[in-house]
Structures are given as structure tokens and as C-alpha cells.
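Respectively, the protein sequence lines represent chains A and B.
Take 3 as the starting number for the first sequence in the numbering used here and just add one per residue.
Take 3 as the starting number for the second sequence in the numbering used here and just add one per residue.
C-beta: ideal position from N, C-alpha, C; glycine also.
Here the structure is laid out as C-alpha cells; the discussion comes afterwards.
2 protein chains.
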Amino acid sequence: MELRHLRYFVAVADAGNVSRAAQRLHITQPALTRQIQDLEREFASRLFDRIGRRIILTRDGEEILERTRRLLADAEALGERARALAGGEAGVLRIGAVPQFIEAVLPEVLTGYALTFPGIDVELVEDGGGLLLRRLQQGELHLAVG
Amino acid sequence: MELRHLRYFVAVADAGNVSRAAQRLHITQPALTRQIQDLEREFASRLFDRIGRRIILTRDGEEILERTRRLLADAEALGERARALAGGEAGVLRIGAVPQFIEAVLPEVLTGYALTFPGIDVELVEDGGGLLLRRLQQGELHLAVG
DNA sequence: TAATATTACGTATTACGTAAAGATT
DNA sequence: AATCTTTACGTAATACGTAATATTA
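Printed below as a string of C-alpha cells:
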């Protein structure tokens with residue numbers, strides 16, 4: 003089973019017949035018929051009843067269709083999420099700082115930051131042992147905001 | 003994006019390197035590398051950091067991985083559900099009957115039925131107008147239980 | 001007869017395998 | 001040197017298109 007099979011299944015169900023679905027998918031009827039058959043073989047289930055030249059969802063097909071819609075929506079969301087993370091539209095900004103800095107400076111900065119980039123989650127890491135401070139002083143680390 | 007890409011992605015993440023993942027998938031390393039690259043192109047995102055001959059999940063990759071696991075589990079569940087419906091291991095048994103029959107006979111029958119077939123949901127339809135009864139008497143309908 | 005679905009079969013896309021190169025421990 | 005990843009390229013699997021058949025309104 004691949005997402006293609008599921009996309010085709012939904013297209014046929016939405017179109018009500020194979021021909022129109024094939025047009026929308028920009029493939030031919032036989033190709034689409036074959037993919038639907040493959041899916042039915044894998045599911046060991048008739049998703050559609052063939053009555054004459056009509057093709058109607060079976061009761062099982064109706065349930066599978068709803069679940070399939072949800073899965074495809076989730077798959078779409080997964081891709082969107084990945085692209086958002088990559089594009090910097092979403093993600094986590096991790097900031098390590100000494101407590102004084104966290105209390106004195108970060109609040110106002112992050113307030114504006116959060117307003118500007120609503121998709122970004124901010125995570126603060128307190129620098130209890132002073133390790134970060136030391137490395138900052140030694141130039142091993144740099145703190146950039148914005 | 004196809005499920006294959008996602009399955010391969012999880013396999014590489016689980017194995018920790020491409021070679022072992024390829025062995026488990028029964029394909030070769032180059033083929034697997036290519037599919038991972040394709041997925042990264044589609045996501046416009048580096049899922050793994052290549053450090054020398056090492057391949058480690060990026061922070062984005064970790065998040066995508068978890069979402070991908072869930073999606074694949076859902077996809078698996080979809081297939082299982084479809085096969086269960088087809089095999090009669092799950093589904094809905096719709097019974098239409100006159101009120102007297104529902105009250106007098108069905109309770110005990112369905113109690114045993116539900117115990118025997120836990121995956122089946124039972125739905126009762128009352129026969130208010132007596133239409134079902136008439137059609138049963140005329141032999142147009144048959145009621146089978148079990 | 002017009003419209004739709006299926007079957008049969010050839011073609012084209014693409015996933016895969018093999019060979020070679022690059023990179024790191 | 002050994003191990004792993006990547007690139008290049010030929011092969012094989014398969015999704016797709018074309019042609020023909022079947023069925024029905």
C-alpha cells in the first residue's frame with residue numbers, strides 16, 4: 003500500500019465514477035481501475051460495488067474512506083510541518099543563559115520575538131553552574147537573538 | 003511522498019546507519035540513500051546530519067521522525083481495519099425487527115452473539131410501521147442470526 | 001448508440017542493483 | 001586498511017497509456 007493508492011481511492015469516491023476521477027488525476031481510466039483493484043486486493047475487500055457501469059461505495063468502503071481521508075490529511079500535515087521546520091516558520095529556539103540575564107533582559111526581548119514569529123517555540127535553559135557564561139566569555143559560544 | 007519513503011526513513015533512523023537499514027529492508031545501500039535524499043528534497047529539509055561516515059538525526063529530523071512513526075502506525079491500522087472488515091472480524095450487524103421481537107427474543111441471542119464476536123457492533127432498527135414484518139411474511143426478507 | 005468499466009498488452013517512468021569514488025576512523 | 005556514504009549508470013519492476021472488449025442506460 004502506498005499513499006498513491008489511497009489518493010486514487012478518495013478521488014474515485016469523490017468523483018462518483020472512475021472516468022471523472024481519472025480526468026482530475028490526469029491519468030487514464032484503465033490505469034486508475036488497476037490501482038483501485040490493487041488496493042482492493044491488498045485490503046482483501048471490495049471497496050466499491052460494480053453495478054452495471056456504476057461504481058458505488060460498499061458499506062465497508064464508506065468506513066475505510068473516512069479513515070483514509072484522515073490519514074491523507076495527516077500525511078499532508080506531516081509534509082507541511084517538515085517544510086515549515088526547514089523554512090524556519092516553525093521550530094524551537096533554545097536559549098541558554100545565566101539566571102541574571104534570563105531575568106533582566108530576555109523577558110522583553112522574547113515578548114517581541116514571540117509576537118513576530120508565532121510559529122517558534124522558545125525554550126530557556128538556566129545556566130546554574132555558570133558553564134555557559136564561562137564559554138561565552140572565552141568566545142566559544144555566541145548568543146544571537148532575532 | 004509515498005509511504006515507502008517514510009518507512010525507509012524510520013528504518014535508517016532506527017538502524018543508526020544506512021547500511022544496516024538497507025540490510026533489514028533487503029535492498030542495497032545506494033538505493034536507500036537515494037530514497038532518503040528524495041524525501042529530504044520533498045521536505046526541503048535535512049533529516050540527517052552527515053558527519054564523516056556517520057549519519058545522525060537533526061533536531062528537525064527527530065520531530066519529523068516521531069510524527070512519521072505515528073502516521074505509519076495509522077496506515078498500518080487502516081490496512082488491518084480494512085482486512086478485518088472484509089474478513090468479518092469487524093463490522094456492523096444491522097437487525098431490523100418488530101418491537102415485540104426486539105424485546106422478547108433478541109436480548110438473549112445478542113448477548114451470546116456479542117460474546118462470540120467481540121469485534122462486531124450490533125445495531126437495532128425498530129420496525130415501527132410494521133413494514134419489515136409484512137415483507138418478512140411475504141418472504142421478501144429473511145432474518146439470519148449467527 | 002453513447003457512456004462507463006474492465007482486460008490485454010506495449011511503453012515509459014522509476015526504483016533498484018552494480019561499479020566506482022569519496023570520506024572518515 | 002576497513003567501513004560507510006554518495007555518485008554514476010545500466011537493469012528491472014511497475015505505473016501508465018493505447019487498443020480492444022464488455023456492459024448498460
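Check your understanding: For I53 of chain A, which three-state DSSP category applies?
Key -> Counting from one through the first sequence, the residue named residue 53 of chain A turns up at place 51. Assigned with DSSP and collapsed to three states, I53 of chain A falls in strand.
**Study point:** Residue from A:E82, A:A15, A:E4, A:M3 whose Cα sits closest to the Cα of E64 of chain A
**Key:** Numbered from 1 along the first sequence, position 62 holds the residue referred to as residue 64 of chain A. Selected option, being the one with the closest Cα: A:A15.
Practice item. Flag E68 of chain B as yes if its beta-carbon sits less than 8 Å from any beta-carbon of chain A, otherwise no. Key: Position 66 of the second sequence holds residue 68 of chain B. Put simply, the CB of E68 of chain B is far from chain A, with every gap to its CB atoms at 8 Å or more.
Review point. For the region 35-47 of chain A, which residues have a beta carbon sitting closer than 8 Å to at least one beta carbon of chain B?
Key: For the region 35-47 of chain A, which is checked against every Cβ of chain B, the residues closer than 8 Å are E44, F45, A46, S47.
Check your understanding: Going by the CB atoms, is the gap between G89 of chain B and A79 of chain A shorter than 8 Å?
Key -> Taking the first residue of the first sequence as position 1, residue 79 of chain A is located at position 77. Taking the first residue of the second sequence as position 1, residue 89 of chain B is located at position 87. Not closer than 8 Å, so no.
Point to revise | Runs of beta strand (DSSP E) wholly within the region 30-91 of chain B (minimum 3 residues, chain order) | key: Segments of the beta strand (DSSP E) lying fully in the region 30-91 of chain B: 50-53, 56-59.
**Study point:** Exposure of I66 of chain A, with buried meaning 16 or more beta-carbon neighbours within 10 Å
**Key:** As a working note, residue 66 of chain A is residue 64 in the first sequence. With 16 or more other Cβ atoms within 10 Å, it is buried.
Review point. Can you tell which of B:R9, B:V20, B:Y10 has the C-alpha that lies nearest to the C-alpha of R55 of chain B?
Key: As a working mapping, residue 55 of chain B is identified with position 53 in the second sequence. Comparing Cα-Cα distances from R55 of chain B to each of B:R9, B:V20, B:Y10, the minimum goes to B:V20.
Check your understanding: Can you tell me whether DSSP reads H28 of chain A as helix, strand or coil?
Key -> Within the first sequence, numbered from 1, the residue matching residue 28 of chain A stands at position 26. In the structure shown, H28 of chain A sits in coil (DSSP, three-state: anything other than H, G, I, E or B).
Check your understanding: With a Cβ-Cβ cutoff of 8 Å, do L27 of chain B and L5 of chain A count as a contact?
Key -> To locate residue 27 of chain B, count along the second sequence from 1; it is residue 25. To locate residue 5 of chain A, count along the first sequence from 1; it is residue 3. L5 of chain A is positioned such that its CB atom lies no closer than 8 Å to that of L27 of chain B.
Point to revise | Cβ neighbour criterion (16 or more within 10 Å) applied to G18 of chain B | key: The count along the second sequence starts at 1 and reaches residue 18 of chain B at position 16. Here G18 of chain B is exposed. Its C-beta has fewer than 16 other C-beta atoms within 10 Å.
Point to revise | Separation of A75 of chain B from L87 of chain B, as counted between CA atoms | key: Residue mapping note: residue 87 of chain B aligns to position 85 of the second sequence, counting from 1. Residue mapping note: residue 75 of chain B aligns to position 73 of the second sequence, counting from 1. Distance from the CA of L87 of chain B to the CA of A75 of chain B, rounded to the nearest whole angstrom, comes to 18 Å.
Review point. Nearest-angstrom Cα distance between E82 of chain B and E91 of chain B?
Key: Along the second sequence, read from residue 1 onward, the residue named residue 82 of chain B stands at position 80. Along the second sequence, read from residue 1 onward, the residue named residue 91 of chain B stands at position 89. Rounded to whole angstroms, the gap between the alpha carbons of E82 of chain B and E91 of chain B is 10 Å.
**Study point:** Buried or exposed (CB count within 10 angstroms, at least 16 for buried), A33 of chain A
**Key:** As a position in the first sequence, residue 33 of chain A is number 31, starting the count at 1. So A33 of chain A ends up on the exposed side.
**Study point:** Beta-carbon neighbours of E91 of chain B, restricted to chain A and to distances below 8 Å
**Key:** Within the second sequence, numbered from 1, the residue matching residue 91 of chain B stands at position 89. What E91 of chain B touches in chain A: nothing, since even the nearest Cβ is about 11 Å away.
**Study point:** Neighbour-count burial assignment, T70 of chain B, 16 or more Cβ in a 10 Å radius
**Key:** In the second sequence, the residue the question calls residue 70 of chain B occupies position 68. The residue is buried, with at least 16 neighbouring Cβ atoms inside 10 Å.
Point to revise | Below-8 Å beta-carbon distance, R26 of chain B vs any chain A residue | key: The residue given as residue 26 of chain B occupies position 24 in the second sequence. No - not a single Cβ of chain A is within 8 Å of the one on R26 of chain B.
Review point. Using a threshold of 7 Å, is the CB atom of I53 of chain A nearer than that to any non-hydrogen atom of the ligand GTP?
Key: Summarising the ligand content, the structure contains no ligands, and the ligand GTP is consequently not present.
Point to revise | Partners in chain A for E64 of chain B, counting only beta-carbon separations shorter than 8 Å | key: In the second sequence, the residue the question calls residue 64 of chain B occupies position 62. Simply none; closest approach about 10 Å.
Review point. Cβ of Q37 of chain B within 8 Å of Cβ of Y10 of chain B?
Key: To locate residue 37 of chain B, count along the second sequence from 1; it is residue 35. To locate residue 10 of chain B, count along the second sequence from 1; it is residue 8. Contact flag set, yes.
Review point. Do you know whose CA, among B:E68, B:A84, B:R85, lies nearest A13 of chain B's CA?
Key: Sequence index remark: in the second sequence, residue 13 of chain B carries index 11 (1-based). B:E68 is the residue among B:E68, B:A84, B:R85 whose C-alpha sits nearest the C-alpha of A13 of chain B.
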